[in-house]
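Colleague: First residue of the sequence shown? That's 4 in our numbering, and the numbers climb one at a time after it.
Got a structure for you, written out below as structure tokens; questions coming shortly.
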Amino acid sequence: MLKSSLLFLLSLTWLVTACYYDVEEELYPTLECLTDNVNYSEEVLSIISTNCYSCHNAASNFGNVTLEGYAALKARVDNGQLLKVIRHESGVSPMPQNQPQLVACDIAKIEAWVAAGAPNN
4 MLKSSLLFLL
14 SLTWLVTACY
24 YDVEEELYPT
34 LECLTDNVNY
44 SEEVLSIIST
54 NCYSCHNAAS
64 NFGNVTLEGY
74 AALKARVDNG
84 QLLKVIRHES
94 GVSPMPQNQP
104 QLVACDIAKI
114 EAWVAAGAPN
124 N
């Protein structure tokens, strides 16, 4: 009886684990950086608000720089400062200040948006 119970439990365990499978796409998501059709309202605004608004919103205005709102951000795009500071180019204060550079994909998305004319979309 003990042998048959043990055999039954082993068989049941094997059946349960044999049905288990991993979905490759869930385990290893693609790390592709999509920069086609980057838009302000969904992608750029999210990057800027997450990484910049703590210091550069209308209330804080550190360094007399406000990035809150499309017009304020566009002014920094038009004068070339936005890309310089997020790329950590020489001659400008790298942003975010005292933080690592933005993720390369986020920079690439902002660059693509600027190259497309920085539309308010």
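No residue lacks a Cβ here, since even glycine has one placed at the ideal position from N, Cα and C.
Owing to the predicted nature of the structure, the values given are computational and were not obtained by experimental measurement.
Kindly indicate which three-state DSSP category Gln104 falls into: helix, strand or coil?
Modeller: Correct three-state label for Gln104: coil.
Colleague: Please classify Leu62 as buried or exposed, where buried requires at least 16 neighbouring CB atoms within 10 angstroms.
Modeller: A small fix is needed here, since residue 62 is Ala in this sequence, not Leu. Exposed, by the Cβ-count rule.
Colleague: When you compare the stretch 76-89 with the stretch 97-112, are there three or more beta-carbon pairs, one atom per stretch, that lie closer than 8 angstroms?
Modeller: Yes, they touch.
Colleague: Report back the beta-carbon spacing between Leu34 and Ile51 to the nearest angstrom; my notes put them in contact at under 8 angstroms.
Modeller: Not really, about 22 angstroms apart at Cβ, beyond 8 angstroms.
Colleague: Excluding the 5 residues flanking Asn123 on each side, which residues of the same chain have their C-beta closer than 6 angstroms to its C-beta?
Modeller: If we look at Asn123 and ignore the five residues flanking it on each side, its Cβ neighbours are Tyr43 and Tyr73.
Colleague: Is Pro97 near Asn54, with beta carbons less than 8 angstroms apart?
Modeller: Going by C-beta atoms, Pro97 is not nearer than 8 angstroms to Asn54.
Colleague: Run through the stretch 31-106 for me and flag every whole alpha helix (DSSP H) of 4 or more residues, listed as ranges in chain order.
Modeller: Counting whole runs of 4 or more residues, the stretch 31-106 contains the alpha helix (DSSP H) stretches 48-54, 56-59, 73-81 and 84-90.
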